[in-house]
Amino acid sequence: MSEAAVLPKGRFAGAFERVRGNAAFFVGVVVFGLIILVAVFAPLIATHDPLKIDFTAKLAAPSTAHLFGTDELGRDIFSRVVYGARTSLTIGLIVTVLSALIGTPFGLVAGYFGGRIEWAIMRMMDVFIAFPPLLLPIAITAAVGQGLYEAMLALTVSFFPWYARIVHGEAKRISGQLFVKSARAQGFSNLRIMFRHVLPNAWIPAIIQASMDFGYTILAAASLSFIGIGAKEPDLEWGLMVALSRSKFLDYWWVALVPGLAIFLTVFAVNLIGDGVNDMLDPKGDSK
Amino acid sequence: MSELLSVRNLVKRYETPRGTVHAVDDVSFEIPVGHSVAVVGESGCGKSTLALSVLQLVAPTSGQVNFDGTDLIGASRSALTRLRREIGVVFQDPASSLNPRMRVGDIVGEPLRVHEKLRGRSLHDRVTKLFNDVGLTADAMDRYPHQFSGGQRQRISIARALALEPKLIVLDEPTSALDVSVQAQVLNLLQDLKARKNLSYLYISHSLATVEYLADILIVMYLGRVIEKGPADDIFRDPRHPYTRLLIDSAPSLDPLNRRLSRPPSGEIPSPSNRPAGCHFASRCSRATDLCRKDPQPDEIERASNHRVTCHHPIGT
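Protein sequences appear in the order of chains G and P. So in full-length UniProt numbering, spot 40 of the first sequence is number 40, and the numbers just go up one at a time. So in full-length UniProt numbering, spot 66 of the second sequence is number 66, and the numbers just go up one at a time.
This is the structure in structure tokens:
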């Protein structure tokens, strides 16, 4: 054999070099890591029972007894915000993963088969995507009722078509490649070709989308809670906490500021990570 | 001579907004067991569509493709799956014909896993043997396609095509994406495998230089139709159709002592969606007369034994 082989290179080789020096990504990772730790060890970190009502201490200003003060029912805001991290991260994770898991097969089937199947699936996705952001989740919660799970369902329904659309484009491109044609010529089943040959080459854009969506999901869930169709008492949810303080925050700044900052910090950190992931896995920088 | 593959009156038309494209127009030929048939022509002459029709990757408009006694067109799904094990395929571009996310050992072993349900040791042994057959070492199995050169990737494609011990291999321009020095190695390998395993080839190429080396029977296509076919030696020695002559004269030879005077084909190829009324080649042909421009091409004329040409004024008359 006279042809020389090139040096081995894995899929993610070079990816970490590309983000080294990307300070924003590391800030995001550190902040998000801390938020995860807070969520996991909430019972150890919280100074009070987040649900315990204490009218003697209602709307207390931040002090050593109550780090971030108390709300109008005298509940400790620090402890409530700490527990709230669990809710927000859970919503972000479940909605993002579910959307990707539901949307990806639609896009894969549409992109692989093409023709009428593609047309039918993608027009159906267009119907979902045609709604302005948040209007569809509002309509769905109006139909199925208020609550955390209902909000997650509503967000999933409005997010999954985007994954279908992204995977569809990639799957369509990959399905036209010779190795897919070759797999068909070898008599492999469509299922095998889709999952062994097309999907492993088509899922990276979906991962990038998911990393960007995670923060948006948390924000959207908080928004739903804020306008009163997401989490409801006694759920520990940041958007709901801001909503409950609506009439008070002009006089008692801490009741809205602290959960609001928690939302901001989490979404900000996740978006920094999303940008970093985008840079790492960007197909244009991929070694192929 | 028994026939492994016989193609009868194969037609593939595409309806486009600009008219009907006659990609393959009434093509017939046979591949005897252990022989290689080369289909040659310029881009757009329908040779790749012909190969894809034989593989049933595009559905022909009409005609028959009979493989080893079974008609592939209209065959049931299970019959088709069975027949596909008997036909290997090697595509032109080794960069995109191998899944970039799979190890090459898995790529070559996949047909064995799927169709013969091989696992573990027995699978590994078979794949090792296939790698050796195509001149690669077994330690290459754990690497990914992009870690190989073009010639090595084409060897991997060939190993995959050989995996199920097929009787026929369809080679769709297997060397045209490769450097000339590597082309010769791959052609040698194909020639060697054909002899050792009694394989038949359907070899699609735009380059006569590589065909000369590998083909037993030559088919020359022009705008979807067969214009000359016969034993490859005959045609190279004594081409009858002016178009074949043109192709042979313009082909670079692998042998430096046998360089022919290069005369590039003149004139534009007519559009396959709007072919001229008479002989499709008349507009580029030096021998064309009014007859050629008005009358459709004559039916195949048998010259010597098995050497057929479709021309009003064949060379040598």
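Heads up, the beta-carbon is just placed ideally off N, CA and C, and yes, glycines get one too.
**Item:** Extent of the continuous beta strand (DSSP E) to which residue 209 of chain G belongs
**Value:** Residue 209 of chain G: not part of any beta strand (DSSP E); member of the alpha helix (DSSP H) spanning 204-226, first to last residue.
**Prompt:** Going by beta carbon distance, what residues of the same chain come within less than 6 Å of residue 232 of chain G, once the five residues before and after it are set aside?
**Reply:** Cβ within range, chain order: 146.
**Asked** Beta-carbon separation of residue 202 of chain P and residue 37 of chain P under 8 Å?
**Response** Yes; because the gap between Cβ atoms is below 8 Å, this pair is in contact.
**Request:** Starting from the beta carbon of residue 50 of chain P, find every residue of chain G whose beta carbon is closer than 7 Å, and list them in chain order.
**Result:** Within chain G, no residue comes near residue 50 of chain P; the closest Cβ sits about 14 Å away, beyond 7 Å.
**Prompt:** When you compare only the Cα positions, how much space is there between residue 267 of chain G and residue 215 of chain G?
**Reply:** Distance between the alpha carbons of residue 267 of chain G and residue 215 of chain G is about 4 Å.
**Asked** For the candidate residues P:111, P:228, P:292 and P:311, whose alpha-carbon lies nearest to that of residue 183 of chain G?
**Response** The option with the nearest alpha carbon to residue 183 of chain G is P:111.
**Residues near residue 48 of chain P by beta carbon distance below 8 Å, same chain, minus five either side** = Excluding residues within five positions, the ones whose Cβ falls inside 8 Å are 172, 173 and 204.
**Request:** Assign residue 251 of chain G to buried or exposed, taking buried as 16 or more other Cβ atoms, counted over all protein chains shown, within 10 Å of its Cβ.
**Result:** A residue is called buried once 16 or more other Cβ atoms fall within 10 Å of its Cβ, and residue 251 of chain G, having fewer, is exposed.
**Prompt:** Any contact of the stretch 82-94 of chain P with the stretch 124-136 of chain P, i.e. 3+ C-beta pairs under 8 Å?
**Reply:** With the cut-off at 8 Å, the stretch 82-94 of chain P and the stretch 124-136 of chain P do not touch.
**Message:** If I measure Cβ to Cβ from residue 314 of chain P and keep anything under 6 Å in the same chain, skipping five residues before and after, which residues do I get?
**Reply:** These residues qualify, in order along the chain: 240.
**Message:** List, from N- to C-terminal side, the alpha helix (DSSP H) runs of 4 residues or more that fit wholly inside the stretch 179-218 of chain P.
**Reply:** Qualifying alpha helix (DSSP H) stretches, in chain order: 180-197 and 208-214.
**Request:** Grab the span of the beta strand (DSSP E) containing residue 171 of chain P for me, first residue to last.
**Result:** That run of the beta strand (DSSP E) goes 168-172.
**Asked** In three-state DSSP terms, what is residue 64 of chain P?
**Response** Strand, per DSSP.
**Asked** Mind pulling the chain P residues with CB within less than 9 Å of residue 201 of chain G?
**Response** Within 9 Å Cβ-Cβ: 99, 100 and 101.
**Request:** Pair every Cβ in the stretch 172-181 of chain G with every Cβ in the stretch 196-206 of chain G, then say whether three or more of these pairs are closer than 8 Å.
**Result:** With the cut-off at 8 Å, the stretch 172-181 of chain G and the stretch 196-206 of chain G touch.
**Asked** Within the chosen definition, does the stretch 145-163 of chain P reach the stretch 172-192 of chain P through at least 3 CB pairs nearer than 8 Å?
**Response** Yes: at least three Cβ pairs fall under 8 Å.
**Message:** Could you check whether the stretch 120-128 of chain P touches the stretch 49-60 of chain P, counting it as contact only if at least three pairs of C-beta atoms, one from each stretch, sit closer than 8 Å?
**Reply:** Touching, no, given that fewer than three Cβ pairs across the two stretches are closer than 8 Å.
**Item:** Beta-carbon spacing of residue 121 of chain G, residue 106 of chain G below 8 Å
**Value:** Contact flag set, yes.
**Message:** Contact criterion: CB-CB distance below 8 Å. Does residue 8 of chain G meet it with respect to chain P?
**Reply:** Note that residue 8 of chain G has pLDDT 44, beneath the 50 cutoff, so the model's placement of it is unreliable and the number below is only indicative. Cβ-Cβ to chain P under 8 Å: yes for residue 8 of chain G.
**Prompt:** If you draw a straight line from the alpha carbon of residue 187 of chain G to that of residue 164 of chain P, how long is it in whole angstroms?
**Reply:** For residue 187 of chain G and residue 164 of chain P, the distance between alpha carbons rounds to 11 Å.
**Request:** Flag this pair as touching only if the stretch 239-251 of chain G and the stretch 217-226 of chain G have three or more C-beta atom pairs under 8 Å; answer yes or no.
**Result:** The stretch 239-251 of chain G and the stretch 217-226 of chain G touch, with no fewer than 3 CB-CB distances between them shorter than 8 Å.
**Message:** Rounded to whole angstroms, what is the Cα-Cα separation between residue 17 of chain P and residue 197 of chain G?
**Reply:** Distance from the CA atom of residue 17 of chain P to the CA atom of residue 197 of chain G, rounded to whole angstroms, is 33 Å.
**Message:** Can you pull the chain G neighbours of residue 81 of chain P, defined as C-beta to C-beta under 7 Å?
**Reply:** Chain G residues near residue 81 of chain P: 187.
**Item:** Span separating the alpha-carbon of residue 295 of chain P from that of residue 276 of chain P
**Value:** Cα-Cα distance, rounded: 10 Å.
**Request:** Output, in sequence order along the chain, the residues in the stretch 158-173 of chain G whose CB is closer than 8 Å to any CB in chain P.
**Result:** Listed in sequence order: no entries.
**Item:** Residue closest to residue 8 of chain P, alpha-carbon to alpha-carbon, out of P:14, P:24 and P:19
**Value:** Of the listed residues, the one whose Cα sits closest to residue 8 of chain P is P:24.
**residue 14 of chain P in three-state terms, based on DSSP** = In the structure shown, the three-state DSSP call for residue 14 of chain P is strand.
**Asked** With a CB to CB cut of under 8 Å and the five nearest residues on each side skipped, what residues in its chain are close to residue 272 of chain P?
**Response** The residues are 21, 22, 23, 44, 46, 223 and 224.
**Request:** Within its chain, find whatever has a CB closer than 8 Å to the CB of residue 221 of chain P; leave out the 5 residues flanking it on each side and keep chain order.
**Result:** Taken in chain order, the residues that qualify are 27, 39, 40, 41, 45, 46, 47, 50 and 227.
**Prompt:** Using CA coordinates, which residue listed in P:233, P:208 and P:210 is at the minimum distance from residue 216 of chain P?
**Reply:** Residue 216 of chain P has its Cα closest to that of P:233, out of P:233, P:208 and P:210.
**Selection from G:90, G:134, G:95 and G:271 that minimises the alpha carbon distance to residue 226 of chain G** = Restricting attention to G:90, G:134, G:95 and G:271, the CA atom closest to the CA of residue 226 of chain G is found in G:134.
**Limits of the alpha helix (DSSP H) - the one that residue 121 of chain G falls within** = Per DSSP, the unbroken alpha helix (DSSP H) holding residue 121 of chain G starts and ends at 115-129.
**Request:** Keeping to the same chain, check which residues put their C-beta closer than 7 Å to that of residue 6 of chain P; ignore five residues upstream and five downstream.
**Result:** The beta carbon of residue 6 of chain P is closer than 7 Å to those of 30 and 66 in its chain, skipping five residues each way along the sequence.
**Item:** Cβ shell of residue 115 of chain P (< 7 Å), same chain only, five flanking positions each side left out
**Value:** Close CB contacts of residue 115 of chain P within its chain, under the 7 Å cut and outside five residues either way in sequence, are with 85 and 164 (chain order).
**Asked** Which two residues bound the contiguous alpha helix (DSSP H) that contains residue 322 of chain P?
**Response** It is not possible to answer for residue 322 of chain P, since the shown part of chain P is limited to 1 through 317.
**Prompt:** Mind checking if residue 96 of chain P is an interface residue toward chain G, Cβ cutoff 8 Å exclusive?
**Reply:** It does: the Cβ of residue 96 of chain P has a partner Cβ on chain G nearer than 8 Å.
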